[in-house]
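Peer 1:
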Amino acid sequence: MIEDFINKLSTYYSDFPNVENMYSDSFKESEITKNNLRLYLKKMYELKPEYLIVGEAPGYKGCRWSGIPFTSERNLKENNFFGLDNGFKIRNPENPESESSATIVWDCLDKLRVKPLIWNAFPFHPHKEGETNSNRAPTSKELKMGKFILEELIKIFNIEQTHIIPVGKKAEKNLKEYKILTCLRHPSHGGKYEFAKGMERIFNVPSSQNCL
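Read in UniProt numbering, the sequence shown has 174 at position 174, and its numbers run on one by one without any break.
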C-alpha cells in the first residue's frame, strides 16, 4: 500500500505552474525524498497512529528536501525518531538544512511523547514564480487535488475523521467536509505558543510534558 502510494506521488503529473513535485524523477533529490517518505510511512504504519496532523504545503527548507511534512534535514540527522544510521538520508550531513516550523513541531512532539501521522493538504512544494527557494500558499485548485491524495492516506492508516487536525487556515478550509473537532494555529510567524498550547489540549498530557 505504501509503495503504491509513493509511486503515485512520484508519477503524478500536474499542470499547476510554480510547483515542484519533489518525489518526481525530474526532481534532482527525488531518491532521497522518496526513501525518507517510505521509511517514515512504514514506521508510522507499525505505530498505528490515531491522529493525523495536516499542514498546508511543503516548505522550501523543510519537506522539499526531507520528503516528510514538517520535517527538515536537521530533524532527520538529530532526532532519534529518524537518524542517518536508520536509513534516512540528507544531501549534506555536514550542513543539514533547518526549518523553524519543523523544529517547533518536532520539539513539541518529543516533549509530549506523541507521534501522530503528519501530512500536508497539498503534498508538493508551491513557490513564487521563478523562485524555487521560496514559499507561497497553495491555490484552491491545488488544495482540491491534494485532497484526493490525502483521502488515500487516510484510508491506508484508517484515521477517524474526528482525529484529523488541520494546521493553519488553508488546511482547515480544505478539510471542512470532514468532522473536524479542532484546528491548530500554524507554528510559523509567531504562532509557536498557540500551536504548542493547542497540541497540549488535544493530547491531554500532564503539565510535566508540556511543549513550552
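Where is the CB? At the ideal position from N, CA and C, for every residue including glycine.
CA-CA distance, residue 215 and Lys-179?
Peer 2: In this structure the chain extends from 1 to 212, so residue 215 is not present and cannot be described.
Peer 1: Got a sec? Which residues, its chain only, sit under 6 Å from Met-44 by beta carbon, not counting five neighbours each side?
Peer 2: Within its own chain, the residues whose Cβ lies closer than 6 Å to the Cβ of Met-44, once the five positions on either side in sequence are excluded, are Leu-117, listed in chain order.
Peer 1: Thinking Leu-150 and Val-54 are a contact (beta carbons under 8 Å), I'd like their distance in whole angstroms, please.
Peer 2: Contact holds; Cβ gap of about 7 Å.
Peer 1: DSSP on Val-105, reduced to helix/strand/coil?
Peer 2: Here Val-105 sits in helix by DSSP.
Peer 1: With Ser-72 and Glu-99 assumed to form a contact (beta carbons below 8 Å), what rounded beta-carbon distance in angstroms separates them?
Peer 2: 4 Å
Peer 1: Between the Cα of Pro-69 and the Cα atoms of Lys-111, Gly-190, Met-22, which residue gives the shortest distance?
Peer 2: Met-22
Peer 1: Any idea what DSSP makes of Leu-212, helix, strand or coil?
Peer 2: The three-state secondary structure of Leu-212, taken from DSSP, is coil.
Peer 1: Only counting the same chain, and skipping five residues up and downstream in sequence, which positions put a Cβ closer than 6 Å to that of Ile-32?
Peer 2: Close CB contacts of Ile-32 within its chain, under the 6 Å cut and outside five residues either way in sequence, are with Lys-89 (chain order).
Peer 1: Who are the near neighbours of Asn-79 in its chain, counting only those whose CB is closer than 8 Å to its CB and skipping five residues on each side?
Peer 2: Trp-106, Asp-110
Peer 1: So for Glu-31, helix, strand or coil by DSSP?
Peer 2: DSSP places Glu-31 in helix when its eight states are reduced to three.
Peer 1: Quick check: the Cα distance between Gly-146 and Ser-24, rounded to an integer number of angstroms?
Peer 2: 16 Å
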